[in-house]
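Asks:
Numbering (the working numbering), first residue to last: 937 to 1080.
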């Protein structure tokens, strides 16, 4: 599997905000991304694509509810939670084995996930693409 074959979905009721649009553009430069502001739409998309593997990005808001509904799906490989209150969300996220991490800074989450992909996929071309990611991108959710 090559990096460009990785599929991601992002569920967040504020996914269309200016800040999140910037982040989604960065993510799209590395992998296919579909965004959803409605949980049922995100779940339906997963259900409609059972043969594809997905990384799911979710906000902490409703993230626990989403994880309860999708964690057992075979096409969900990893889940990334970003939120304002990491300690609170880690308490429920710890019971789900597919949770990659809980973060308050999405750029750190993306960097950590890209490092994970680099170790998971040995394709040198994919690794070169990952290394183009700008780790200095400042997207701090705590700044609001």
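Just so you know, even glycine gets a beta-carbon here, dropped at the ideal spot from N, CA and C.
On a predicted model such as this, the values are computed, not experimentally measured, just so you know.
1) To which residues does DSSP link residue 991 through a beta bridge?
2) Relative to the alpha-carbon of residue 1024, which residue among 967, 966, 1052 and 997 has its alpha-carbon at the smallest distance?
3) Within a Cβ cutoff of 6 Å, which residues of the same chain sit near residue 943, ignoring the five residues on either side of it in sequence?
4) Could you tell me the distance, in whole angstroms, from the CA atom of residue 1051 to the CA atom of residue 961?
5) Which residues bound the beta strand (DSSP E) around residue 1037?
6) So the candidates are 1001, 959 and 1048; which of them puts its Cα closest to the Cα of residue 1029?
Replies: The answer reads as follows:
1) If you number the chain shown from 1, residue 991 lands on position 55. DSSP output for residue 991 lists 944 and 1014 as bridge partner(s).
2) Counted from its first residue, the chain shown places residue 1024 at position 88. When each option's Cα is compared against that of residue 1024, the closest is 997.
3) By one-based count along the chain shown, residue 943 stands at place 7. Closer than 6 Å at the Cβ level, and outside the excluded window around residue 943, lie 968, 988 and 990.
4) Numbered from its first residue, the chain shown carries residue 1051 at position 115. Numbered from its first residue, the chain shown carries residue 961 at position 25. About 19 Å.
5) The residue labelled residue 1037 in the question sits at position 101 within the chain shown. It spans 1035–1039 - the beta strand (DSSP E) in which residue 1037 sits, taken as one unbroken run.
6) The sequence position of residue 1029 within the chain shown is 93, counting from 1. Of 1001, 959 and 1048, the residue nearest in Cα terms is 1001.
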